[in-house]
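When we follow the numbering used here, the leftmost residue of the sequence shown carries the number 15, and every step to the right adds one. We put the CB at the ideal spot given by N, CA and C, even for glycine. Predicted model only: the values in this text are computed from it and were never measured.
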Amino acid sequence: MTIFRPCIDLHEGAVKQIVGASLSDAAPSTLRTNFVSSHPPAYYAGLYRGNGLRGAHVIKLGPGNDAAAREALAAWPRGLQVGGGITIDNAGEWLEAGADKVIVTSWLFPDARLDMDRLRRLTESIGRQSLVVDLSCKRQGDAWIVAMNKWQTPTDLVLSEESMADLGEYAAEFLVHAADVEGLCQGVDEQLVQALGRWSTIPCTYAGGAKDLGDIALVDRLSNGRVDLTYGSALDIFGGSGVKFDDLVKWNQSRQ
């Protein structure tokens, strides 16, 4: 059954909510920020810990976020996942720093092409149970193309039942941001949610566009309860007005 999975998005060392499609190394002036928190990362880690919300993803959006991520992990050792710049060389360090799992995308795609050997080696290095594969994507026609480098660069990987089954052999979970709607609070990508519910062979969390409490019931229905949902900019703890954090805590409690 679908549950709420929280997040801590880090940019330049601060907790922020950003419109995903506006992230660009080439044109940083285009960045659209919905919210900058006055609270440190540890505040949110403590909030999630106090409400039993395991598996929140801590995402480092670019450089300058390592200290902030470590602060969050220290506040809840083994309660959070961390992603952003994860490679085979540093994955173990992040697990030792307190991450329950590491989230990897770009390192798996040298020259924007999926390297299954890298995935196999990473799984052998840290164990399947410690790995989340990030399949955040952008729509191209009727397909979804995995995007890397803060969702700026399309890869050669098209989401499908076959591709997700192959990748699912080496990971504990998938994380999928719908980059086209991330941060817009205009509703989830319903077709993508349905597809993830059909295709994912392992636990899967969807993020992007959730605007109100009704969306979690929608994701539950569309995915037959097989996909979890992350809220960002619409959430009151991130300055939003669409949904209350306490209501999502109650939703999770009702699911348990």
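Fewer than three pairs of CB atoms, one per stretch, sit closer than 8 Å, so the stretch 101–113 makes no contact with the stretch 149–165.
The beta carbon of alanine 248 lies closer than 8 Å to those of Cys199, Ala224, Lys225, Asp226, Gly254, Ser255, Gly256 and Val257 in the same chain, with the five residues before and after it left out. Taking the CA atoms as reference points, alanine 209 sits about 8 Å from serine 237. Taking phenylalanine 18 as the centre and dropping the five residues before and after it, the same chain places the C-beta of Leu67, Ile230, Asp242, Leu243, Thr244, Tyr245, Leu262, Val263, Trp265 and Asn266 closer than 8 Å to its C-beta, in chain order. Pairing histidine 71 with glycine 106 gives a Cβ-Cβ distance that is not under 9 Å. Among the bridge pairs identified by DSSP, methionine 162 is matched with Thr167. By the neighbour-count definition (other C-beta atoms within 10 Å, threshold 16), histidine 53 is an exposed residue. Annotation: leucine 232 to alanine 126 spans about 33 Å, alpha carbon to alpha carbon. Classified as buried, aspartate 23 has 16 or more neighbouring CB atoms from the shown chains inside 10 Å of its CB.
Arginine 134 counts as exposed, since fewer than 16 other C-beta atoms from the protein chains shown sit within 10 angstroms of its C-beta. In summary, glutamine 143 is exposed, with fewer than 16 beta-carbon neighbours lying within 10 Å of its beta-carbon over all protein chains present. The continuous beta strand (DSSP E) containing glutamine 154 extends over residues 151–154. For the set Val147, Ser174 and Leu136, the Cα lying nearest the Cα of arginine 153 is the one of Ser174. Between arginine 235 and the set Gly222, Ile216, Asp260 and Val202, the nearest pair of CA atoms involves Val202. Counting of Cβ neighbours within 10 angstroms places glutamate 187 among the buried residues, the total reaching 16 or more. The C-beta of alanine 185 has 16 or more other C-beta atoms within 10 Å across all chains shown, which makes the residue buried.
For valine 241, the uninterrupted beta strand (DSSP E) segment begins and ends at 241–244.
Only residues of its own chain outside the window of five on either side were considered, and among them Met162 and Thr169 have a CB closer than 6 Å to the CB of phenylalanine 123, listed in chain order. Judged by DSSP in its simplified three-state form, threonine 137 adopts helix.
Per DSSP, the beta bridge partners of glycine 97 are Ile73 and Ile117.
Remark: C-beta atoms of methionine 15 and glycine 155 do not approach each other more closely than 9 Å. Looking from the CA of leucine 61, the closest CA among Arg84, Pro20, Val207 and Ala221 belongs to Pro20.
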